[in-house]
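S.K.: The sequence shown begins at 61 in this note's numbering and counts up one residue at a time.
The structure is given below, and queries will be raised subsequently.
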Amino acid sequence: MSDLYEKALHTLKEYFGYDDFRPRQKEVIRQVLEKKDTLALMPTGGGKSICYQIPALVFEGCAVVVSPLIALMKDQVDSLKENGIAAAALNSALSNEEAAEVRRAFCKGELKLLYISPERLTFEADHLLPQGNVSMFAIDEAHCISQWGHDFRPEYTQLFRLRENFPGIPMLALTATADAITREDILHQLSIPAENLVQDSFDRKNLSLTVKTNFTKKSKIGEMVDFIKARKNESGIVYCLSRKGTETVAEELNRQGINAQAYHAGMSAEDRSQIQDNFLFDRTKVICATIAFGMGIDKSNIRYVIHYNTPKNMEGYYQEIGRAGRDGLPADTLLFYSDGDIVQLAKFVRESPDENQKNLQLEKLARIQHYATSLVCRRRILLGYFGEIMERDCGNCDICRRPPRRFDGTIIAQKALSAIARTREQENATMIIDILRGSRRSDLIAKGYDQLKTFGVGNGTPAEKWRVYIQQLIHLGCLTMSYTDQKTLRITEFGRQVLFGEKKIELALVTDEMVAPKENRKARDKFDSSASPAKESENRLRLSSKEELEGSDATLFEALRIHRKNLADAARVPPYVIFSDKVLLEIVHRRPTCLTELAEVPGIGSMKLNKYGKEFLDVINEN
Ligand code: ADP
Ligand code: ZN
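Here it is as structure tokens:
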């Protein structure tokens, strides 16, 4: 066993240029080498691929990898070939001749890894696989097996047949989705013993988390433009709720001089693949997409993910932001939360025919709302949702960066509660705020609300701040809000006690940064890149990022990047398949002078060293 493990370590260095496995990778690989069926739960960017690629190289024969996404397969196969590893894929994108060639290579034992789409698997398991020497099975995106998961794939339920038809061949299931029901489902359906589960922490320390609440459409665009312009040469994704949304946001960004494209399921397959390629090959910097985008793309240098609308659950949100910073360098995430989105999403849920799922989905919606509007460390809530308890605040979210000041909020609460009581709990937050601020809205006057004692008592506080205070009152259990179109506010028993002065209540002070009042948007601080989350997190994470580069370092980085792009274009692969940004940055820091030094850069295996080493050394010498 330890011999095999030694061999695995050696293979890691030889083919991938890394010195050691990450702790969980080590556990998974040891188990697989012992031929134990295993389920590996790791966050995106955790290094799942290495977990099966290394055993595949160490074992005799060919590993069969089931992967639901054709684009991802292609990417993986390209990357493996770049590293000098014999890999191929069987899926519907191949011509008959190409597929025949892959089959021949498999039967002759020429392949180390064969990727198969789930649609093809049942057929190939009966016809092709018995003709070759299968060393192991890897089931990527294994959560697709579960109806409870969010991307259920009916074909995945056939996977148990592999267990029956190929007894004794180890199976490794991998996923980044970790909720308890899905996990149990995978273990059960694939007959993997529970003790063979290896679970990594889901914390992605390099992702900064920021939530902005209550922005108007116009101010969202403004904020986003500032945010994107502060990251000018970087790639990012903007997720929108609707197809229409992706198009209008992309148009707006282009109008403001940002190179963006829309992407959604209503486009032709051809258009979609073209747009995706533009993004992978760094020709388009920003993609405005519905959630259809990003599944199965492996681009490691996505530097930010923006949610233009509130996502419908924490699983989806976490998976989407997880697409940023897979290379481990700092990356930023920004979520625009609005009550309006929640109402819209709740409506979709209520209209869905599946009665069983309704309550579950509404509950999930409430959890994302809680995440976005509460004022404690975001990461603690996020990881807590996935069952991971953090003992300390993270230091890399908006709340940690600017911790809210608490104060005795009893009077503020009483003002709001009183307005709600006096309108007999029939009104929504907008009306209540208008009453507090003394608005002369015609329907308000018509209802006689201008005669109430509370009319105008809160006019010193801007409406957007009132909105956040009301959200806090909801969290603290003073109020409930119904998710009907009316969004009516109701007072709870605890709320009544606060209203009648029997209980005191502490609130977090709402500062200007937390809201974007329409009236002084322009005057307010523009998105300041020097205070950007990525910058702040750098020291803490001891990571360097390319914004830090100055003078000759910046020149060298650019030269390396151009050289990489030329090589990538010639090989017709995305630039990060040649070398990741992280490798280029390491080269800039180390400035290797010979091949031996270059070989020490993490991420440069011997194949790439031989293929590209000399040319990159020339680029270093010239700059
Ligand atoms: P996942 O599939 O879990 O999202 P990947 O397999 O794409 O993650 O790996 C994420 C990144 O981490 C890749 O750039 C990969 O090369 C890198 N990586 C994986 N394992 C190691 C390791 N042992 N040492 C250094 N980098 C690693
Ligand atoms: Zn935090």
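Cβ coordinates follow ideal geometry from the N, Cα and C atoms, glycine included.
1. State yes or no: is the C-beta of L425 within less than 8 Å of the C-beta of A568?
2. Determine the DSSP secondary structure at E675, reduced to helix, strand or coil.
3. Roughly how many angstroms separate the alpha carbons of M541 and S502, rounded to a whole number?
4. Return the first residue and the last residue of the alpha helix (DSSP H) that E566 is part of.
5. Between which residues of its own chain and L154 is the CB-CB distance below 8 Å, once the five residues before and five after are set aside?
6. Using DSSP with H/G/I as helix, E/B as strand and the rest coil, what is G376?
7. According to DSSP, is L140 helix, strand or coil?
8. Under 8 Å, do A147 and G382 count as touching if we go by C-beta distance?
9. Can you tell me the Cα-Cα spacing of Y672 and N361, whole angstroms?
10. Is the closest heavy atom of ligand 1 to the C-beta of G665 under 7 Å?
11. What does a CB cutoff of less than 7 Å around R602 pick up in its chain, not counting 5 residues either side in sequence?
12. In whole angstroms, give me the CA-to-CA distance for I89 and I114.
13. Does DSSP put G555 in a helix, in a strand, or in coil?
14. Applying the 10 Å Cβ sphere with the 16-neighbour rule, what's the burial state of T615?
15. Near ligand 2, which residues have their beta-carbon less than 5 Å from any of its heavy atoms, given in chain order?
16. Are the CB atoms of N156 and I130 within a distance shorter than 8 Å?
17. Scan the region 252-278 and note each continuous beta strand (DSSP E) run of 3 residues or more that stays entirely inside, going in chain order.
18. G296 by DSSP, collapsed to three states: which one?
19. Say the cut is 7 Å; is the CB of Y78 nearer than that to a heavy atom of ligand 1?
20. Nearest to C538 by alpha carbon, out of L301, F554, K563?
21. How about P253: is its C-beta nearer than 8 Å to some C-beta of chain C?
22. Rounded C-beta distance between Y364 and E294? I'm assuming under 8 Å.
23. Taking all protein chains shown into account, do 16 or more other C-beta atoms lie within 10 angstroms of the C-beta of A240, making it buried, or fewer, making it exposed?
24. Determine the DSSP secondary structure at C111, reduced to helix, strand or coil.
25. Put S333 into one of helix, strand or coil per three-state DSSP.
26. Apart from the five residues just before and just after C204, which ones in its own chain have a Cβ nearer than 7 Å to its Cβ?
27. T540 lies in the beta strand (DSSP E); which residues open and close that run?
28. Are the Cβ atoms of I664 and V637 separated by less than 8 Å?
29. Looking at D358: is its Cβ nearer than 8 Å to the Cβ of Q136?
30. State yes or no: is the C-beta of V125 within less than 8 Å of the C-beta of T71?
31. According to the neighbour-count rule (16 or more other Cβ atoms, all chains shown, within 10 Å of its Cβ), is T653 buried or exposed?
32. Do you know how far the Cα of E142 is from the Cα of S666?
33. Per DSSP, what kind of secondary structure is Q321 in: helix, strand or coil?
34. When you compare the region 498-517 with the region 408-427, are there three or more beta-carbon pairs, one atom per stretch, that lie closer than 8 Å?
M.R.: According to the data block:
1. no
2. helix
3. 24 Å
4. Here E566 belongs to no alpha helix (DSSP H); instead the beta strand (DSSP E) covers 566-568.
5. V162
6. helix
7. In this structure, L140 counts as helix in the three-state DSSP scheme.
8. Cβ atoms of A147 and G382: not closer than 8 Å.
9. A direct Cα-to-Cα measurement between Y672 and N361 gives close to 21 Å.
10. no
11. Residue placement at R602 is poorly supported in this model, since its pLDDT is 34, which falls under 50; the coordinates still yield a value, given next. There are no such residues.
12. 8 Å
13. helix
14. exposed
15. C437, R439, D453, C454, C457, C460
16. no
17. Within the region 252-278, the complete beta strand (DSSP E) runs of at least 3 residues are 257-259, 267-273.
18. strand
19. yes
20. For the residues L301, F554, K563, the minimum Cα distance to C538 belongs to F554.
21. No chain C appears in the structure shown, which is made up of a single protein chain.
22. Y364 to E294, Cβ: 7 Å. Contact.
23. exposed
24. helix
25. helix
26. Excluding sequence neighbours, C204 sits near P128, D211, F212, R213, Y216.
27. 539-541
28. No, they are not a contact pair.
29. yes
30. no
31. exposed
32. 11 Å
33. strand
34. no
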